[in-house]
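Participant: The listed protein sequences correspond, in order, to chains A and B. Numbered per this note's numbering, the first sequence spans residues 1428 to 1539. Numbered per this note's numbering, the second sequence spans residues 2 to 504. The C-beta atom is built at its ideal place from N, Cα and C for all residues, glycine as well.
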Amino acid sequence: MTSKILRRDFVMGLGGAVAVGLAAWSYFGPTGYPKTPFDDLLNQIIDRAPAITLGKAMPKASSTTLSEKLRQPGFALRKRSREDAAAGRVTEIKGWVVPETLALYAQLAAAV
Amino acid sequence: MTALLDARTLPARTILTPDLAIIGGGPAGISLALALADSGHEILLIESGGTAFEAPTQSLYAGEQSGVAYTALDGGRLRFLGGSSNHWGGWCRPLDAIDFTVRDGLAHSGWPFSQTALQPYYARAQELVEAGPWIYDGADKLVDGDVAGLGDGGVYTSWFQFSKTRGSVLPTHFGSRYEGDLKAAKKIKPLMHANVTGIRLSKDGGRVDHLDIATLNAAGGADKHFTVKPRFCVLACGGMENARLLLASSDVMKNGIGNSHDLVGRFFADNPIPRDTATLVMFDGPLPGFYLNSSPVADGPVLRAVFAPTAQFARRTGVLGSLSTVENPVALDELGKAAVVATAQALGVNAANAKAYALGCGLELAPDPDRRLTLTGERDALGLPRLKLNMTLSDRDFDSYRATMKEMGRQLLAARTGMIRLNYSTRAQWLAAMDWGNHHLGTTRMSADARTGVVDADCKVHGVGNLFVAGSSVFPTYGASNPTLNLVAMTLRLADHLKTVLA
Ligand SMILES: Cc1cc2nc3c(=O)[nH]c(=O)nc-3n(C[C@H](O)[C@H](O)[C@H](O)COP(=O)(O)OP(=O)(O)OC[C@H]3O[C@@H](n4cnc5c(N)ncnc54)[C@H](O)[C@@H]3O)c2cc1C
């Protein structure tokens, strides 16, 4: 008897945990951050926390405007950040000289 | 061997008649005397101090100040044999070719000759400052370790060399180092405790007729007065005092000697050395030690790497000279850590071993006629009017350095080797971090045209046949290099010229 109840509880508990997990998964996505309409962009950032810190040091900007810009062809974070400096595209964030593209992604990370 | 002659032991109203009187026994005056030692001419080296610091003599240097805070006038120089080399740092680096050129957008820039005119004199100047074999920008190949990977761009690794240190004596003190050579030279008479208080011109103003000399008594007041009547005279009293003596000698030329165009004392400059101007992060770990410390290489010379703008970048952007030193490792704040992690990840590099450093720098200032020395109504113990310095620093001077550092930041990112933080963005921040090289430049500037210069390309005062000026007061534009090696080279060039005019 006892063992039956335990099995039922266990199965229910497991089911509940999976349900919560699925709900969290669908809410946060694989990054541990809530899903946003900009995840195609934000998921290019390896660690979101430092990007958010950096972005918060910049003036606030609209995530829609930023995303429109970053969804243009050729704005992939890694590739374009690597090219930025050679092309003279650097910007200052509280004195830190960083690739312009990274700054835009960081601004977006802080805006959502 | 002649002894150093003490002017206080000469009878009052003595008249000395050397071929050449050199006023001032600092690096310029001593280098000049030694260069002419075998010329066969009688040389009198007139030095205000003795062989050690004496407070009453030093107080002759005191003066007033206005404008941007600056070292006290009696604090940034020393008045005894060897002059300010008695407390210099020994940093040596030749001026760059661009420092001599007229630069677009930089008013009052350019020397009346190019760097090549000084080249023949650098080897001997390097010997006199005792900075070892001439290596400088050839050092990359000699040192143990690689220079920072800056990639292509407007900033590169350049090099200082250092005047030799021996035992407890820091860099070459020209007085103690060359006292023996001065005494050994038969034709050089070093006259100590002799203060020139006036340069007296012939009635037509065309020649120096004589110099007024005064000594101080034990109480620090005026004692004896006497006269030197030289055939030729060289003023080598340092970048402030050269102007003071010319301005104060106003009995014949009412505005002072060489000052018909109101230039004497104007265009004063120094190399500001603000601290902690930028934070440099190298993703790959520590920089080699030769960036952080003066480092001896195998066969002797002591070197230190610095970051400098290339001539091409300076011409394209109009930035002024700067030499950035890596000072010490620093810890990053939260934003700094975030900037490094986010940037390294975006660039696809590993920054697990990243190391951060504070940068300092030595800057070139833009020539400014309002940064100037004038005489005040107050007089020193010997009756000479004291100086007042009006110090200025323009925002352009700061912006220029920021542009150079930003370019360096860009290069590091492009090379994916590191990044930079520019630490100051307001004038108040710059001024709070300000320190000074105490390199006194520009107050008797050189130009072929008497309307734009006090001395001509031979360092002769325009309009005065037998009066010359030695030292960094003749530099019309300044560069960021410390001046002493360069002013010694200039002085040796002047010595060559004097050999011909004295003959
Ligand atoms: C703290 C400090 C650190 C420095 N570090 C460096 C460095 O690392 N590298 C570098 O290149 N430069 C450095 N300098 C600058 C360097 O000391 C000067 O460039 C150099 O000393 C100038 O030489 P000078 O002969 O023209 O003038 P001074 O050294 O000023 O010598 C002038 C001489 O004239 C004498 N004199 C003055 N007035 C009279 C008068 N009326 N009658 C007779 N004699 C007179 C003085 O007693 C003195 O001996 C430094 C300076 C200071 C203060």
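Could you please tell me which residues of the region 323 to 350 of chain B, in chain order, have their CB closer than 9 Å to any CB of chain A?
Facilitator: Against chain A - using a Cβ distance shorter than 9 Å - the residues of the region 323 to 350 of chain B are E335, L336, G337, K338, A339, A340, V341, V342, A343, T344, Q346, A347, L348, G349.
Participant: Pull out every residue of the region 1516 to 1527 of chain A whose Cβ sits closer than 8 Å to any Cβ of chain B, in chain order.
Facilitator: Of all residues in the region 1516 to 1527 of chain A, V1517, E1519, I1520, K1521, G1522, W1523, V1524, V1525, P1526 have a Cβ within less than 8 Å of some Cβ in chain B.
Participant: Suppose you measure from the CA of T405 (chain B) to the CA of N424 (chain B); what does that come to, to the nearest Å?
Facilitator: Mapped onto the second sequence, residue 405 (chain B) falls at position 404. Mapped onto the second sequence, residue 424 (chain B) falls at position 423. Between T405 (chain B) and N424 (chain B), the C-alpha separation is close to 13 Å.
Participant: What residues in its chain sit with their C-beta under 6 Å from that of M193 (chain B), if we drop five residues either side in the sequence?
Facilitator: Sequence index remark: in the second sequence, residue 193 (chain B) carries index 192 (1-based). So the qualifying residues of the chain are L5, D7, E48, G51.
Participant: May I ask which residues mark the beginning and end of the beta strand (DSSP E) holding Q66 (chain B)?
Facilitator: For the purposes of this step, residue 66 (chain B) is identified with residue 65 of the second sequence, where counting begins at 1. Start and end: 65 to 68.
Participant: Does the region 269 to 288 of chain B come within contact of the region 432 to 449 of chain B, defined as at least 3 CB pairs closer than 8 Å?
Facilitator: Short answer: they touch.
Participant: Are the C-beta atoms of K407 (chain B) and some chain A residue less than 7 Å apart?
Facilitator: Locating residue 407 (chain B) in the second sequence gives position 406, where the first residue counts as 1. Yes, K407 (chain B) counts as interfacial toward chain A.
Participant: Taking 8 Å as the threshold, find out whether the region 131 to 139 of chain B comes into contact with the region 465 to 479 of chain B through three or more Cβ pairs.
Facilitator: Touching, no, given that fewer than three Cβ pairs across the two stretches are closer than 8 Å.
Participant: Return yes when the Cβ of E365 (chain B) is within less than 7 Å of the Cβ of G480 (chain B), no when it is not.
Facilitator: Position 479 of the second sequence holds residue 480 (chain B). Position 364 of the second sequence holds residue 365 (chain B). Contact: yes.
Participant: Which residues mark the beginning and the end of the beta strand (DSSP E) in which L236 (chain B) is found?
Facilitator: Here residue 236 (chain B) refers to the residue found at position 235 of the second sequence. Residues 233 to 236.
Participant: Report the residue from B:P191, B:S296, B:L388 whose alpha carbon sits nearest the alpha carbon of W160 (chain B).
Facilitator: As a position in the second sequence, residue 160 (chain B) is number 159, starting the count at 1. It is B:S296.
Participant: Assign Q162 (chain B) to one of three DSSP states: helix, strand, or coil.
Facilitator: Start at 1 with the first residue of the second sequence, and residue 162 (chain B) comes out as number 161. In the structure shown, Q162 (chain B) sits in a strand (DSSP, three-state: E or B).
Participant: Thinking C-beta only, is G259 (chain B) closer than 7 Å to L248 (chain B)?
Facilitator: To locate residue 248 (chain B), count along the second sequence from 1; it is residue 247. To locate residue 259 (chain B), count along the second sequence from 1; it is residue 258. No, they are not a contact pair.
Participant: Against chain B, with Cβ distances strictly below 7 Å, would A1484 (chain A) count as a contact?
Facilitator: Locating residue 1484 (chain A) in the first sequence gives position 57, where the first residue counts as 1. Output row for A1484 (chain A): interface = yes.
Participant: If we call anything under 7 Å between Cβ atoms a contact, is R94 (chain B) one with S482 (chain B)?
Facilitator: Here residue 94 (chain B) refers to the residue found at position 93 when the second sequence is read from its first residue. Here residue 482 (chain B) refers to the residue found at position 481 when the second sequence is read from its first residue. Going by C-beta atoms, R94 (chain B) is nearer than 7 Å to S482 (chain B).
Participant: So which residues of chain B does L1481 (chain A) contact, with C-beta pairs closer than 8 Å?
Facilitator: Position 54 of the first sequence holds residue 1481 (chain A). Under the 8 Å cutoff, chain B gives L336, A339, A340, A343.
Participant: Please decide whether N391 (chain B) counts as near chain A, where near means a Cβ-Cβ distance under 7 Å.
Facilitator: Along the second sequence, read from residue 1 onward, the residue named residue 391 (chain B) stands at position 390. Not an interface residue.
Participant: Helix, strand or coil for I31 (chain B) per DSSP?
Facilitator: As a working mapping, residue 31 (chain B) is identified with position 30 in the second sequence. In the structure shown, I31 (chain B) sits in a helix (DSSP, three-state: H, G or I).
Participant: So P368 (chain B) packs on G443 (chain B), CB below 8 Å; how close in whole Å?
Facilitator: The count along the second sequence starts at 1 and reaches residue 368 (chain B) at position 367. The count along the second sequence starts at 1 and reaches residue 443 (chain B) at position 442. Rounded, the Cβ-Cβ distance is 7 Å, consistent with contact.
Participant: Return the Cβ separation of V69 (chain B) and L432 (chain B) in integer angstroms, given the expectation that the two are a contact with Cβ distance under 8 Å.
Facilitator: Along the second sequence, one-based indexing puts residue 69 (chain B) at 68. Along the second sequence, one-based indexing puts residue 432 (chain B) at 431. Yes, they are in contact, since the Cβ atoms of V69 (chain B) and L432 (chain B) sit about 7 Å apart, within 8 Å.
Participant: Just confirm the distance between the C-beta atoms of A347 (chain B) and L1504 (chain A), as a whole number of angstroms; I'd bet it's less than 8 Å.
Facilitator: Here residue 347 (chain B) corresponds to residue number 346 of the second sequence, with the count starting at 1. Here residue 1504 (chain A) corresponds to residue number 77 of the first sequence, with the count starting at 1. With 8 Å as the limit, A347 (chain B) and L1504 (chain A) qualify as a contact, their Cβ atoms being about 6 Å apart.
Participant: Checking contacts by CB at 7 Å: is N424 (chain B) closer than that to chain A?
Facilitator: Within the second sequence, the letter at position 423 stands for residue 424 (chain B). At least one chain A Cβ lies under 7 Å of N424 (chain B).
Participant: Check whether the region 341 to 361 of chain B and the region 1508 to 1520 of chain A are in contact - that is, three or more C-beta pairs closer than 8 Å.
Facilitator: A contact exists between the region 341 to 361 of chain B and the region 1508 to 1520 of chain A.
Participant: How long is the line joining the alpha carbons of T1463 (chain A) and T311 (chain B), rounded to whole angstroms?
Facilitator: Along the first sequence, one-based indexing puts residue 1463 (chain A) at 36. Along the second sequence, one-based indexing puts residue 311 (chain B) at 310. For T1463 (chain A) and T311 (chain B), the distance between alpha carbons rounds to 47 Å.
Participant: Any heavy atom of ligand 1 closer than 6 Å to the Cβ of N260 (chain B)?
Facilitator: Looking up residue 260 (chain B) in the second sequence gives position 259. Every heavy atom of ligand 1 is 6 Å or more from the Cβ of N260 (chain B), so no.
Participant: To the nearest angstrom, how far is the alpha carbon of P113 (chain B) from that of Y122 (chain B)?
Facilitator: As a position in the second sequence, residue 113 (chain B) is number 112, starting the count at 1. As a position in the second sequence, residue 122 (chain B) is number 121, starting the count at 1. Straight-line Cα distance between these residues: approximately 17 Å.
Participant: Taking the alpha-carbon of A237 (chain B) as reference, which of B:T10, B:C460, B:G464 has the nearest alpha-carbon?
Facilitator: Along the second sequence, read from residue 1 onward, the residue named residue 237 (chain B) stands at position 236. Closest option to A237 (chain B), Cα to Cα, is B:C460.
Participant: Considering only C-alpha positions, which residue in the set B:Y402, B:G337, B:N294 is nearest to V320 (chain B)?
Facilitator: Here residue 320 (chain B) refers to the residue found at position 319 when the second sequence is read from its first residue. Among B:Y402, B:G337, B:N294, the Cα nearest to that of V320 (chain B) is on B:Y402.
Participant: Please report the distance separating the alpha-carbon of T1492 (chain A) from that of A1533 (chain A).
Facilitator: Here residue 1492 (chain A) refers to the residue found at position 65 when the first sequence is read from its first residue. Here residue 1533 (chain A) refers to the residue found at position 106 when the first sequence is read from its first residue. Approximately 14 Å between the Cα atoms of the pair.
Participant: Who pairs with W1523 (chain A) in a beta bridge, going by DSSP?
Facilitator: Translated into the one-based positions of the first sequence, residue 1523 (chain A) becomes position 96. Answer by DSSP bridge pairing, in chain order: A:I1520, B:R422.
Participant: Can you check the region 311 to 349 of chain B for any beta strand (DSSP E) of at least 3 residues that lies completely inside it and give the ranges in chain order?
Facilitator: DSSP runs (the beta strand (DSSP E)) wholly in the region 311 to 349 of chain B: 323 to 330.
Participant: Taking the continuous beta strand (DSSP E) assigned at E1 (chain B), which residues delimit it?
Facilitator: Outside the shown range of chain B (2 to 504) lies residue 1 (chain B), about which nothing can therefore be said.
Participant: From which residue to which residue does the beta strand (DSSP E) around D224 (chain B) run?
Facilitator: Locating residue 224 (chain B) in the second sequence gives position 223, counting from the first residue. Run containing D224 (chain B): 223 to 229, per the beta strand (DSSP E) assignment.
Participant: Check whether the Cβ of C362 (chain B) lies closer than 6 Å to any heavy atom of ligand 1, and answer yes or no.
Facilitator: Here residue 362 (chain B) refers to the residue found at position 361 when the second sequence is read from its first residue. No, ligand 1 has no heavy atom inside 6 Å of this Cβ.
Participant: Sorted by chain position, which residues of the same chain lie with C-beta nearer than 7 Å to A306 (chain B)'s C-beta, five sequence neighbours on each side aside?
Facilitator: Numbered from its first residue, the second sequence carries residue 306 (chain B) at position 305. So the qualifying residues of the chain are V148, T158, W160, F291, Y292.
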